[in-house]
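Engineer: Listed in order, the protein sequences are those of chains U and X. Residue 301 in the numbering used here sits at position 206 of the first sequence, with consecutive numbering throughout. Residue 260 in the numbering used here sits at position 232 of the second sequence, with consecutive numbering throughout. For every residue, glycine included, the Cβ atom is placed at its ideal position computed from N, Cα and C. Since this is a predicted model, take the numbers as computed values, not measurements. Structure provided below as structure tokens; questions to follow.
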Amino acid sequence: MSSRVSRRSVLSASLASALGACDARLAGGGERAALWYSYGGKNREVLERLLARFHRDPQRPRIDATFQGDYFESLAKVRTAIAAGAAPALTHVVAEVVPYLAEAGALEPLDRYEGAADLDLVPGIAQSGTYLGGAERPLVAVPFNRSVPVMYVNKVMLERAGVGIPQNWAELRAGANALTLRRGTEVAVWGFECPVSWWFWVALLASAGGKVVDASGEVTLGGDAGVRALDLWQTLIHRDRVMRPPLGRDYNAWQVTTQDFLSGRAAILWSSAAFLRYIEESARFPVTVAPLPRDVRHAVPTGGTLFVILRAAEEREKRAAWQFLRWMTEREQTTEWSTSTGYLPATRAAVHELTRTGYYDAHPSDKVVLGELDAIEPWPWSPTLFRVQREIMDPLLENAVLEGTDAARALEKGRREALLP
Amino acid sequence: MKPARPHEPYLLLLPTVLLLTLFFLVPFFVAAKESLYSWDLLTPRTYVGLANYRLLWERGELWRAFRNTLAYSAVVVSGALVLGLLLALLLDRKGRLAAFVRGTVFSAYVVSWVAVALLFMWMLDGEAGVVTRVVVALGLPKKNWLGDPAVALYTLAVVSIWKIAGYSMIVFLAGLQDIPPVLYEAAALDGAGRIMRFRSVTWPALGPSAAFVATTSLILSFQAFDVVRIMTQGGPVHATQLFVYAIYEQIFLNLRVGRASALTVLFGVLVFSLAALQLRLFRGRGVA
Numbered sequence: 096m097s098s099r100v101s102r103r104s105v106l107s108a109s110l111a112s113a114l115g116a117c118d119a120r121l122a123g124g125g126e127r128a129a130l131w132y133s134y135g136g137k138n139r140e141v142l143e144r145l146l147a148r149f150h151r152d153p154q155r156p157r158i159d160a161t162f163q164g165d166y167f168e169s170l171a172k173v174r175t176a177i178a179a180g181a182a183p184a185l186t187h188v189v190a191e192v193v194p195y196l197a198e199a200g201a202l203e204p205l206d207r208y209e210g211a212a213d214l215d216l217v218p219g220i221a222q223s224g225t226y227l228g229g230a231e232r233p234l235v236a237v238p239f240n241r242s243v244p245v246m247y248v249n250k251v252m253l254e255r256a257g258v259g260i261p262q263n264w265a266e267l268r269a270g271a272n273a274l275t276l277r278r279g280t281e282v283a284v285w286g287f288e289c290p291v292s293w294w295f296w297v298a299l300l301a302s303a304g305g306k307v308v309d310a311s312g313e314v315t316l317g318g319d320a321g322v323r324a325l326d327l328w329q330t331l332i333h334r335d336r337v338m339r340p341p342l343g344r345d346y347n348a349w350q351v352t353t354q355d356f357l358s359g360r361a362a363i364l365w366s367s368a369a370f371l372r373y374i375e376e377s378a379r380f381p382v383t384v385a386p387l388p389r390d391v392r393h394a395v396p397t398g399g400t401l402f403v404i405l406r407a408a409e410e411r412e413k414r415a416a417w418q419f420l421r422w423m424t425e426r427e428q429t430t431e432w433s434t435s436t437g438y439l440p441a442t443r444a445a446v447h448e449l450t451r452t453g454y455y456d457a458h459p460s461d462k463v464v465l466g467e468l469d470a471i472e473p474w475p476w477s478p479t480l481f482r483v484q485r486e487i488m489d490p491l492l493e494n495a496v497l498e499g500t501d502a503a504r505a506l507e508k509g510r511r512e513a514l515l516p
Numbered sequence: 029m030k031p032a033r034p035h036e037p038y039l040l041l042l043p044t045v046l047l048l049t050l051f052f053l054v055p056f057f058v059a060a061k062e063s064l065y066s067w068d069l070l071t072p073r074t075y076v077g078l079a080n081y082r083l084l085w086e087r088g089e090l091w092r093a094f095r096n097t098l099a100y101s102a103v104v105v106s107g108a109l110v111l112g113l114l115l116a117l118l119l120d121r122k123g124r125l126a127a128f129v130r131g132t133v134f135s136a137y138v139v140s141w142v143a144v145a146l147l148f149m150w151m152l153d154g155e156a157g158v159v160t161r162v163v164v165a166l167g168l169p170k171k172n173w174l175g176d177p178a179v180a181l182y183t184l185a186v187v188s189i190w191k192i193a194g195y196s197m198i199v200f201l202a203g204l205q206d207i208p209p210v211l212y213e214a215a216a217l218d219g220a221g222r223i224m225r226f227r228s229v230t231w232p233a234l235g236p237s238a239a240f241v242a243t244t245s246l247i248l249s250f251q252a253f254d255v256v257r258i259m260t261q262g263g264p265v266h267a268t269q270l271f272v273y274a275i276y277e278q279i280f281l282n283l284r285v286g287r288a289s290a291l292t293v294l295f296g297v298l299v300f301s302l303a304a305l306q307l308r309l310f311r312g313r314g315v316a
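This is the structure in structure tokens:
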């Protein structure tokens, strides 16, 4: 008897809990959307914290967030999911791939959604400022984790060597030479480290006055400026031996260089502002953040990713995704995301709030990053940009830097390859 | 004599044939068809004929993947054979210590490739890795094990040998324990020393085991992906781009379904040819 009662109790409890769950779903309109993201480490913790806060209100839709590997792995999965008819409603992609996805019709135009015109985004990192002519196109991408390349400096090492913060390429070269510490034939401390990746090469190229794609849409790879940019790396690695040769591709390279800087094996590091909080909290020495040294002008490309809603997702999911996206661009969330990670605040309201509360006075490194908004070099709206990056430039840069091949000839080969279908 | 149930063998083969058709032949023919198109999974396909094959050839990608895969396989197969055999000969004895060492050596085989790759990345760090420290302590010059294009492929091959040597050892041990002791006694009575006994008794008797190890390690080396994906991503300068990784890179990173399919077809042809050759060789020796 007692066993029967007990079984009945269990069944009742299960039914009640199932009904309760149904109620909860009904309260939120029963809506949910998938979010595929690529944040790891601290950034992931912050996102999960924000997600938990979003879900605290039962009226809001449920966002099923899933980690999908790094940016490129995630993009591969997104593309495959679109082809398989199982696309998530919301994801975030690197700036270079947005034109390609938009021109392929994969991205949902967002202008029709309620409140799209009131997002109050920071122009330099919004679609309008990220791309040449970005403001004239339908809105398809909303900034969230946007960054710029910056220079991290081990203050102790620079002071000890009597080296100032490099302001231009010549000072960078001289400083790296002075900071490199050799023991016999081995290098104990590298004066300068930087992942040999497309993003930093574009930063160098922009600083040297060039453009990857010209106004007519032709892939020029910066012409002479591109050669100068590549030549600087080759000089630092092969001639001066003050920059550590690349030790890995894609995000391995970023990890290696960051770890070298944090462990005192590199004095100057070029990396993303996205690492700001992590580097400041992990370094056991004072770190100074500065703009990249310039050549003929001060210009930096934007990095990080933009949120996109995929057109192939169901209408209900897209609405839910938009609700979450809007919530994330509200002042409170944008401010928290930026201060917790180092990424640029996506809305002007967040910038005003942080300025008003004295955050930038208390955090000079964040102020340096914010100041880079004045030097942003927009990406061309070129559907081939992603292919140029992945298929041509990343392998070409690695090859040219490791093997020391002639920079002009290497880039000429790259331009020819860009013409291939 | 007419068999009583002539259709029975075919019926018994049917499940295997169906599975092979579904999971191997159909995808292969789909890939063959896709290799004639340019497609990125998002925009409509465009028929390009044999352009994908031509581009792979002209850009040197085909030759690079072919050369890297063969070099990697040659080192892995020969390394697995030699190390597996040496370990088996060394540990083919009774006692708890030998059993413990056998178990320890074999344990590497059951550890996941991802764990092995991450462990070796740490050990092979060009500055602070334990391997580098040992090299420096011995007074030898530092090597950039995973960053030097001339070295990286062989570094990956050595990691793979370390991983599969335990398996080869077990196969050789089974082969050794199948050799009747009377053969060794007869050889000893005829005055054969240790080396002669190995050459005249052990090695000929281990023929089937060696063939099995060669075949399985060849298959493993042709399937290598995890170790490349984690340790080098095909770099530096494409030096570790094996066939399977090249296919992955084309389809998932470069968004080129057509070129990935063309590589798949060529890889299929290469594997079929090698399998046919191996089968022919082993049948000739009465092994398979």
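For residue 55 of chain X and chain U, any beta-carbon pair shorter than 7 Å?
Structural biologist: So, not an interface residue.
Engineer: Measuring CA to CA, which of U:471, U:498, U:416 is closest to residue 159 of chain U?
Structural biologist: Of U:471, U:498, U:416, the residue nearest in Cα terms is U:416.
Engineer: Could you tell me the boundaries of the alpha helix (DSSP H) in which residue 447 of chain U lies?
Structural biologist: Counting along the chain, the alpha helix (DSSP H) containing residue 447 of chain U begins and ends at 443–451.
Engineer: Counting C-beta neighbours from all protein chains within 10 Å, is the total for residue 150 of chain X 16 or more, i.e. buried, or is it exposed?
Structural biologist: Classification of residue 150 of chain X: exposed, given that the 10 Å Cβ count is below 16.
Engineer: Against residue 177 of chain U, what residues of chain B qualify as contacts under a CB-to-CB distance less than 8 Å, listed in chain order?
Structural biologist: The structure shown contains no chain B; the protein chains it does contain are U and X.
Engineer: Here's a check: name, in chain order, each residue in its chain whose Cβ is nearer than 7 Å to the Cβ of residue 367 of chain U, leaving out the five neighbours to either side.
Structural biologist: Closer than 7 Å at the Cβ level, and outside the excluded window around residue 367 of chain U, lie 242, 244, 398.
Engineer: According to DSSP, what are the bridge partners of residue 405 of chain U?
Structural biologist: BP columns for residue 405 of chain U point to U:202.
Engineer: Sort U:436, U:501, U:301 by Cα distance to residue 140 of chain U and report the nearest one.
Structural biologist: Minimum Cα distance to residue 140 of chain U is reached at U:436.
Engineer: Where do the ends of the alpha helix (DSSP H) carrying residue 187 of chain U lie?
Structural biologist: Careful: residue 187 of chain U lies outside any alpha helix (DSSP H), inside the beta strand (DSSP E) at 185–189.
Engineer: What did DSSP end up calling residue 170 of chain U once you bin it into helix, strand or coil?
Structural biologist: In this structure, residue 170 of chain U counts as helix in the three-state DSSP scheme.
Engineer: The beta strand (DSSP E) spanning residue 186 of chain X covers which residue range?
Structural biologist: Per DSSP, residue 186 of chain X belongs to no beta strand (DSSP E); it is in the alpha helix (DSSP H), 180–205.
Engineer: Just verifying my parser: in three-state terms, what is the DSSP assignment at residue 152 of chain U?
Structural biologist: Residue 152 of chain U falls in the coil class under three-state DSSP.
Engineer: With 7 Å as the threshold, decide whether the Cβ of residue 281 of chain X is near any Cβ in chain U.
Structural biologist: Residue 281 of chain X counts as touching chain U.
Engineer: Just to confirm, are residue 84 of chain X and residue 304 of chain X a CB contact at a threshold of 7 Å?
Structural biologist: Against a cut-off of 7 Å, the Cβ pair of residue 304 of chain X and residue 84 of chain X comes out as no contact.
Engineer: DSSP state of residue 70 of chain X, grouped into three classes?
Structural biologist: The answer is coil: DSSP assigns residue 70 of chain X none of H, G, I, E or B.
Engineer: DSSP three-state call for residue 278 of chain U: helix, strand or coil?
Structural biologist: Residue state, collapsed to three classes: strand.
Engineer: Under the assumption that residue 385 of chain U contacts residue 438 of chain U (Cβ atoms under 8 Å), give the Cβ distance between them as a whole number of angstroms.
Structural biologist: Contact flag wrong, Cβ pair sits at about 18 Å.
Engineer: Rounded to the nearest angstrom, what separates residue 128 of chain X and residue 355 of chain U at their Cα positions?
Structural biologist: Straight-line Cα distance between these residues: approximately 40 Å.
Engineer: Just the Cα atoms here: how many angstroms apart are residue 281 of chain U and residue 110 of chain X?
Structural biologist: For residue 281 of chain U and residue 110 of chain X, the distance between alpha carbons rounds to 35 Å.
Engineer: Give the DSSP-derived three-state secondary structure of residue 399 of chain U in the structure shown.
Structural biologist: Note: residue 399 of chain U maps to strand in three-state DSSP.
Engineer: Out of U:187, U:409, U:176, U:179, state which residue places its alpha-carbon closest to the alpha-carbon of residue 133 of chain U.
Structural biologist: Checked all of U:187, U:409, U:176, U:179; the closest Cα to residue 133 of chain U is U:187.
Engineer: Identify which residue in X:41, X:71, X:156, X:45 has its Cα closest to the Cα of residue 283 of chain U.
Structural biologist: The candidate whose alpha carbon is nearest that of residue 283 of chain U is X:156.
Engineer: Rounded to whole angstroms, what is the Cα-Cα separation between residue 233 of chain U and residue 210 of chain U?
Structural biologist: Cα to Cα, residue 233 of chain U sits roughly 15 Å from residue 210 of chain U.
Engineer: State buried or exposed for residue 223 of chain X, treating a residue as buried only when at least 16 other CB atoms are found within 10 Å of its CB.
Structural biologist: Its Cβ having fewer than 16 others within 10 Å, residue 223 of chain X is exposed.
Engineer: Could you tell me which chain X residues have their CB closer than 9 Å to the CB of residue 364 of chain U, listed as they occur along the chain?
Structural biologist: Residues of chain X passing the Cβ test: none, with the nearest at roughly 15 Å.
Engineer: What number of angstroms, rounded off, separates the C-alpha of residue 485 of chain U from the C-alpha of residue 283 of chain X?
Structural biologist: Approximately 10 Å between the Cα atoms of the pair.
Engineer: Residues of chain X with CB under 9 Å from residue 57 of chain U, in chain order?
Structural biologist: Here chain U comprises residues numbered 96 to 516, so residue 57 of chain U is not present and cannot be evaluated.
Engineer: Measuring only the C-alpha atoms, how far is residue 322 of chain U from residue 305 of chain U?
Structural biologist: Approximately 10 Å between the Cα atoms of the pair.
Engineer: Could you check what DSSP says for residue 127 of chain U in three-state terms: helix, strand or coil?
Structural biologist: Looking at residue 127 of chain U - three-state DSSP - the assignment turns out to be strand.
Engineer: Are at least three pairs of beta-carbons, each pair with one atom in the segment 108–123 of chain X and one in the segment 177–195 of chain X, less than 8 Å apart?
Structural biologist: They touch, by the three-pair rule.
Engineer: Distance check for residue 270 of chain X and residue 94 of chain X, CA to CA, integer angstroms please.
Structural biologist: Going from the Cα of residue 94 of chain X to the Cα of residue 270 of chain X covers about 7 Å.
Engineer: Closest by CA to residue 258 of chain U, which one among U:195, U:302, U:362, U:193?
Structural biologist: Checking every option, the nearest Cα to that of residue 258 of chain U belongs to U:362.
Engineer: Please report whether the beta-carbon of residue 497 of chain U lies at a distance below 7 Å from any beta-carbon of chain X.
Structural biologist: For residue 497 of chain U, the answer is yes, since a Cβ of chain X falls inside 7 Å of its Cβ.
Engineer: Is the segment 484–499 of chain U in contact with the segment 291–308 of chain U, if contact means three or more CB pairs nearer than 8 Å?
Structural biologist: Counting Cβ pairs under 8 Å, three or more are found: they touch.
Engineer: Can you give the Cα-Cα distance for residue 318 of chain U and residue 501 of chain U, rounded to whole angstroms?
Structural biologist: One C-alpha to the other measures close to 14 Å.
Engineer: Under 8 Å between beta-carbons, which chain U residues line up against residue 66 of chain X? List them in chain order, please.
Structural biologist: Residues of chain U passing the Cβ test: 516.
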